[in-house]
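Trainee: Here the sequence shown is numbered in my numbering, starting from 420 and rising by one per residue.
We put the CB at the ideal spot given by N, CA and C, even for glycine.
Following this message is one structure expressed as structure tokens.
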Amino acid sequence: MISKEQFDKEIAGIISNAIREDVGDGDHSSLACIPHTAQGKAKLLVKDKGVIAGVEFAKMVFEYIDSDLQVETIINDGSTVKYGDIVFYVSGSSQSILKAERLVLNAMQRMSAIATKTKQFVDLLEGTGTQILDTRKTTPGIRALEKWAVKIGGGQNHRFALYDMIMLKDNHIDFAGGITKAIDKTKQYLKDNQKDLKIIVEARNLSEIQEILESEGVYRILIDNFNYEDTKKAVAMIGNQCLTESSGGITEKTIRKYAECGVDYISSGALTHSVYNMDLSLKAV
420 MISKEQFDKE IAGIISNAIR EDVGDGDHSS LACIPHTAQG KAKLLVKDKG VIAGVEFAKM
480 VFEYIDSDLQ VETIINDGST VKYGDIVFYV SGSSQSILKA ERLVLNAMQR MSAIATKTKQ
540 FVDLLEGTGT QILDTRKTTP GIRALEKWAV KIGGGQNHRF ALYDMIMLKD NHIDFAGGIT
600 KAIDKTKQYL KDNQKDLKII VEARNLSEIQ EILESEGVYR ILIDNFNYED TKKAVAMIGN
660 QCLTESSGGI TEKTIRKYAE CGVDYISSGA LTHSVYNMDL SLKAV
């Protein structure tokens, strides 16, 4: 994953771009009917159940909009919530609260949905030693938020983007002329450019597993779209030579069986691309 400094820059960019998109030259609805001096208070109300996520992000949004806004946190990120719970109160300029409202809700609703789904997968893996990973199958422009939500839900982040890890998938391998050529070219590229990036290589069958193992320096093998029996065979072949990861259409119904095959990680795009937003509201009090 990227550094904390880079992650913080991603979050700052998301906030500034979202406010540009949403507010433009002014929140004219509020400007038209609410005095500039008006003070108010609102609560973040849960109308659903699951794992709450985005509380800390909401604080960043309020700070960006108006540093005088005050937030009283009742429930922290990662906590289980139910209908009727109040997550936080925000008080200060009524205009500022309304200006921040939609970004806070959009982000928290999606982040909470991702955290909730991730927690479900984490619970299904309990006791196996296998960890759940996210993917790059995220909403364009808000990847940092979605990967943050995965962490809040108890999952682990895969690479953040194309620049922080080498991942040689089927198309890379085919375009490069085969697995060994792809790995050799990658090692030379990293040496020539003085880059220290981990290498993951995808395998489509057991013979490709064997070929990958003949090359040194591979950090993790992606065991892609294997059935249970072949996954067990792959794990046995790999042993302690590198880490293992299963992927490819793994669902809540199959994830436990894949974990029991002995893989170190299971990656799932569904954590971020197949969720339903948690129902939350910001209500004046």
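1) Starting from LYS600, follow the alpha helix (DSSP H) in both directions and report where the run begins and ends.
2) Could you tell me which residues DSSP pairs with MET586 in its beta bridges?
3) Check each candidate in GLY668, GLN539, LEU522 and ASP615 and name the one with the smallest Cα separation from ALA477.
4) Between the alpha carbons of ILE631 and ALA622, how many angstroms are there, rounded?
5) Measuring CA to CA, which of LEU581, LYS428, TYR638 and VAL442 is closest to THR663?
6) Run the CB neighbour count on PHE594, radius 10 Å, all protein chains shown included, and call it buried at 16 or more, exposed below.
7) Between ILE505 and the rest of its own chain, which residues show a CB-CB distance below 8 angstroms, the 5 nearest in sequence each way excluded?
8) In the DSSP assignment, what are the bridge partners of THR547?
9) Would you kindly report the start and end of the unbroken beta strand (DSSP E) that includes PHE579?
10) Go ahead and label SER666 buried or exposed: buried means 16 or more other beta carbons lie within 10 angstroms of its beta carbon, across all protein chains shown.
11) Excluding five sequence neighbours on each side, which residues of the same chain lie with their C-beta closer than 7 angstroms to the C-beta of HIS577?
12) State whether the region 669-677 contacts the region 541-550, with contact taken as three or more CB pairs (one from each stretch) at a distance under 8 angstroms.
13) Assuming GLY596 and ALA472 make a contact with CB atoms under 8 angstroms, what is their CB distance in whole Å?
14) Out of ILE433, ASN644, GLN607 and ALA568, which one is the CA nearest neighbour of GLY668?
Mentor: If we stick to the structure as given:
1) Here residue 600 is taken as the residue at index 181 of the sequence shown, counted from 1. It spans 598-611 - the alpha helix (DSSP H) in which LYS600 sits, taken as one unbroken run.
2) Here residue 586 refers to the residue found at position 167 when the sequence shown is read from its first residue. Answer by DSSP bridge pairing, in chain order: ILE619.
3) To locate residue 477, count along the sequence shown from 1; it is residue 58. Ranking GLY668, GLN539, LEU522 and ASP615 by Cα distance to ALA477 puts LEU522 first.
4) Within the sequence shown, residue 631 is the residue found at index 212, counting from 1. Within the sequence shown, residue 622 is the residue found at index 203, counting from 1. Those two C-alpha atoms are separated by around 8 angstroms.
5) Counted from its first residue, the sequence shown places residue 663 at position 244. Selected option, being the one with the closest Cα: TYR638.
6) Residue numbering aside, residue 594 sits at position 175 when the sequence shown is read from its first letter. Looking at its Cβ environment, which holds fewer than 16 other Cβ atoms inside 10 Å, PHE594 is exposed.
7) Locating residue 505 in the sequence shown gives position 86, counting from the first residue. Closer than 8 angstroms at Cβ, skipping near neighbours: LYS462, LEU463, LEU464, VAL465, ILE493 and ILE494.
8) For the purposes of this step, residue 547 is taken as residue 128 along the sequence shown, with counting starting at 1. DSSP lists no partner for THR547.
9) Along the sequence shown, one-based indexing puts residue 579 at 160. First-last for PHE579: undefined, no H or E at that position.
10) As a position in the sequence shown, residue 666 is number 247, starting the count at 1. SER666 is buried by the Cβ-count criterion.
11) By 1-based counting over the sequence shown, the position of residue 577 is 158. Same-chain partners within the cutoff: LEU552, ASP553, THR554 and SER686.
12) yes
13) For the purposes of this step, residue 596 is identified with residue 177 of the sequence shown, where counting begins at 1. For the purposes of this step, residue 472 is identified with residue 53 of the sequence shown, where counting begins at 1. With a Cβ gap of about 44 angstroms, GLY596 and ALA472 do not count as contacting.
14) Counted from its first residue, the sequence shown places residue 668 at position 249. The shortest C-alpha separation from GLY668 is found at ASN644.
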